[in-house]
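Protein chains: 2
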Amino acid sequence: MNHSVLIADDEEDVLKLVGSSLKGAGFKIVEAQGGAEALEKALEQRPSLIVLDVMLPGMSGLELCRMLKGDNRTRHIPIIMLTAKAQEIDRVVGLELGADDYVTKPFSPRELVLRVKNQIRRSQGGDEPDDTLRAGDLILDRLRHSVTVKGKPVLLTATEFKLLSLLMERSGRVQTRETLLNEVWGYDVAIQSRTVDIHVRRLREKLGRASDCIETVRGFGYRIAEVQQAR
Amino acid sequence: MNHSVLIADDEEDVLKLVGSSLKGAGFKIVEAQGGAEALEKALEQRPSLIVLDVMLPGMSGLELCRMLKGDNRTRHIPIIMLTAKAQEIDRVVGLELGADDYVTKPFSPRELVLRVKNQIRRSQGGDEPDDTLRAGDLILDRLRHSVTVKGKPVLLTATEFKLLSLLMERSGRVQTRETLLNEVWGYDVAIQSRTVDIHVRRLREKLGRASDCIETVRGFGYRIAEVQQAR
DNA sequence: CCCGCCCGTTACCAAAACGTTACAATTCCA
DNA sequence: TGGAATTGTAACGTTTTGGTAACGGGCGGG
């Protein structure tokens, strides 16, 4: 064990926050305050994981992420992005850049530690129990942020992806619009629940026939159809 | 239900704000103005969650947090820290000490309530302990919003579902039409009790033979048969 | 700087769900 | 047994809800 984690952030506070949380979980910490420094340390130390703030002085976290994922020497290292706003992460994460996970500020340390552990276990375990969700012909891969229907890829926007991801994660259980707003959009956003409908609609549109598995539960919310596996 | 939340803060305003928000969300509130008082009440009342200001007179919130998390009797209680944005260093330390989440001031009450709920849900049996109700061949799953008779799904409308849910929850006990109106429809609706009959009827219709378990108690209301199967 | 994409809002419509009324059936008691 | 109270049944108009289309703003990429 004893994995090392590189934390790249310009704010002293955040560095300490993340650092102490992870130290408490038994990780060795490497800190970097700027993008260039982070890149350098990533190459030099080859940490098991990188926690990366979206906003970094000098080089943006996005840029850095792209570089790390574009370099064969660092490509395999999981990256968790930190972002201030749920909005921000939407565009940024994973989708194009290849980050492996993200956490929005303010976040609970427990959550961060869990995600870090998850990513490390995943990357270590080699083939691992890869994080893929299914529902009928639908396959969603959270690692690569990809969705396929009968093997054919479907391009989703960030919000659509998170929405579908959450629904599938809680497959069979009804999710109220409010729940979805909280989990997908974040706490304290002033968005009306009707907007959820719209995104569900767009999702269904893109998924075509496979969208049959997204059920509307009138008066309550939405749900992914339970596959037949009684319990 | 009916969780209690301990709020520790020296500012009267914050106490009131947080208190009323959480009360509105259905929590029982215990207040404490100082660190010592908070510790005492935490031990004495064992609240479901503690909201803790970083800065407290007498004993700092950080100190208190450390103590609470170091004591087996209180370790399991989730702690949410309140911090003034300027003193980020404080929140860092607070988290280092094992707080479970934090909210920065100024915060929206809505967000705080959501985080409180989240933490409580997490600390309680983690994620959903599958709450499902039974009566003979009837199985009702509230999380999935599904009802089955002998394994076959039955589609209910929202009102029907809530009605059946309440009846089954209080299986064996007679529920008056008035009670049902209050609990299913809400407290201040002006709906005549006759309407309940209609929904019971529709329920019975959909449930088929399984509706035998819904008994009419003439002059009083309705009830789910306690022990059916006999006869 | 402009263009295009993504997102959130609004407006409108059809269908589902709801609550009321009217009436028939059942039960209880005199 | 008959009548009153109570509940079951049926039909109907209204309200609510979710699907759909279209609009405008914001942000990032070119």
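Protein sequences appear in the order of chains H and C. Each residue of the first sequence is one higher than the one before, counting from 1 in my numbering. Each residue of the second sequence is one higher than the one before, counting from 1001 in my numbering. The C-beta atom is built at its ideal place from N, Cα and C for all residues, glycine as well.
For residue i, three-class secondary structure by DSSP
i                  : result
serine 1004(C)     : strand
serine 193(H)      : coil
glutamine 175(H)   : strand
glutamate 1111(C)  : helix
glutamate 1169(C)  : helix
alanine 1225(C)    : coil
aspartate 1141(C)  : strand
lysine 150(H)      : coil
methionine 1055(C) : coil
isoleucine 77(H)   : coil
alanine 36(H)      : helix
threonine 1157(C)  : coil
aspartate 101(H)   : strand
arginine 1066(C)   : helix
glutamate 11(H)    : coil
serine 211(H)      : helix
arginine 122(H)    : helix
arginine 218(H)    : coil
alanine 135(H)     : strand
alanine 1086(C)    : Note that alanine 1086(C) has pLDDT 42, beneath the 50 cutoff, so the model's placement of it is unreliable and the number below is only indicative. In the structure shown, alanine 1086(C) sits in coil (DSSP, three-state: anything other than H, G, I, E or B).
Buried or exposed (CB count within 10 angstroms, at least 16 for buried), residue i
i                  : result
asparagine 1118(C) : buried
arginine 1035(C)   : Per the sequence shown, residue 1035(C) should be read as glycine rather than arginine. Buried: at least 16 other Cβ atoms inside 10 Å.
proline 1047(C)    : buried
isoleucine 198(H)  : exposed
aspartate 1131(C)  : exposed
alanine 8(H)       : buried
lysine 23(H)       : exposed
glycine 221(H)     : buried
lysine 16(H)       : buried
alanine 1057(C)    : Per the sequence shown, residue 1057(C) should be read as proline rather than alanine. By the neighbour-count rule (16 or more Cβ atoms within 10 Å), proline 1057(C) is not buried but exposed.
arginine 1142(C)   : buried
glycine 1200(C)    : Note that residue 1200(C) is valine in the sequence shown, not glycine. Under this definition valine 1200(C) is a buried residue.
alanine 1086(C)    : Because alanine 1086(C) sits at a pLDDT of 42, beneath the cut-off of 50, its placement in the model cannot be relied upon, and the point is left open.
valine 1217(C)     : exposed
valine 242(H)      : Past the edges of chain H, shown from 1 to 231, lies residue 242(H), and the structure says nothing about it.
Selected residue, minimal CA-CA separation from residue i, among the options
i                  : options                                           : result
threonine 1104(C)  : Arg1121(C), Val1051(C) and Thr1148(C)             : Val1051(C)
glycine 219(H)     : Gly1034(C), Glu1063(C), Val1149(C) and Lys1162(C) : Lys1162(C)
leucine 181(H)     : Leu114(H), Ala32(H), Lys152(H) and Gln192(H)      : Gln192(H)
threonine 1195(C)  : Asn1002(C), Lys1041(C), Thr1159(C) and Lys1023(C) : Thr1159(C)
glycine 1136(C)    : Arg1115(C), Arg1170(C), Gln1045(C) and Ser1211(C) : Ser1211(C)
isoleucine 1224(C) : Leu1167(C), Arg1142(C) and Arg1134(C)             : Leu1167(C)
serine 1171(C)     : Glu1215(C), Ile1029(C) and Tyr1102(C)             : Glu1215(C)
glycine 186(H)     : Val1014(C), Ile1139(C) and Arg1115(C)             : Arg1115(C)
glutamate 247(H)   : Leu164(H), Pro78(H) and Asp141(H)                 : What the structure shows of chain H is the stretch from 1 to 231, and residue 247(H) is not part of that stretch, so it cannot be assessed.
isoleucine 120(H)  : Gly26(H), Leu56(H), Lys152(H) and Glu44(H)        : Gly26(H)
glutamate 44(H)    : Arg209(H), Lys152(H), Asn2(H) and Ile77(H)        : Ile77(H)
valine 1113(C)     : Ile1029(C), Arg1209(C), Thr1176(C) and Glu1178(C) : Ile1029(C)
histidine 145(H)   : Gly151(H), Leu156(H) and Arg202(H)                : Leu156(H)
proline 1106(C)    : Val1018(C), Glu1226(C) and Gly1098(C)             : Val1018(C)
serine 123(H)      : Leu49(H), Lys152(H), Glu63(H) and Glu40(H)        : Leu49(H)
tyrosine 102(H)    : Lys150(H), Glu169(H), Arg134(H) and Val184(H)     : Val184(H)
cysteine 213(H)    : Leu133(H), Glu178(H), Ala190(H) and Glu12(H)      : Leu133(H)
Cβ distance (whole Å) where residue i is taken to contact residue j below 8 Å
i                : j                  : result
aspartate 100(H) : isoleucine 80(H)   : 7 Å
leucine 1207(C)  : valine 1154(C)     : 6 Å
proline 1109(C)  : serine 1004(C)     : Between serine 1004(C) and proline 1109(C) the Cβ distance is about 18 Å, and since that is not below 8 Å, they are no contact.
threonine 74(H)  : alanine 32(H)      : Contact doesn't hold; Cβ gap of about 13 Å is too wide.
glycine 1061(C)  : methionine 1055(C) : 6 Å
alanine 38(H)    : leucine 6(H)       : 7 Å
Closer than 7 Å at the beta carbon, the chain H residues around residue i
i                 : result
aspartate 1237(C) : The structure shown has nothing for residue 1237(C), since chain C only spans 1001 to 1231.
Proximal chain C residues relative to residue i, where beta-carbon distance stays under 9 Å
i               : result
arginine 134(H) : Within 9 Å Cβ-Cβ: nothing; arginine 134(H) doesn't reach chain C, min ~18 Å.
arginine 218(H) : Thr1157 and Ala1158
arginine 144(H) : Those within 9 Å of arginine 144(H) in chain C number zero; the least Cβ separation is about 25 Å.
Within chain C, the residues that residue i reaches when beta carbons sit closer than 8 Å
i                : result
aspartate 197(H) : Per Cβ cutoff of 8 Å: no residues; aspartate 197(H) is ~16 Å from chain C at best.
valine 154(H)    : Within 8 Å Cβ-Cβ: nothing; valine 154(H) doesn't reach chain C, min ~26 Å.
Within chain H, partners of residue i - CB distance below 9 Å
i                 : result
glutamate 1063(C) : Here the premise fails: no neighbours, minimum Cβ distance about 16 Å.
arginine 1121(C)  : Ordered by position in chain H, no residue passes the 9 Å Cβ test against arginine 1121(C), which lies about 11 Å from the chain.
Partner residues on chain H for residue i, Cβ-Cβ distance less than 8 Å
i                 : result
glutamate 1111(C) : Tyr187 and Asp188
Chain-ordered neighbours of residue i on chain C, where CB pairs are closer than 7 Å
i                 : result
asparagine 182(H) : Leu1114
arginine 173(H)   : Leu1143 and Arg1144
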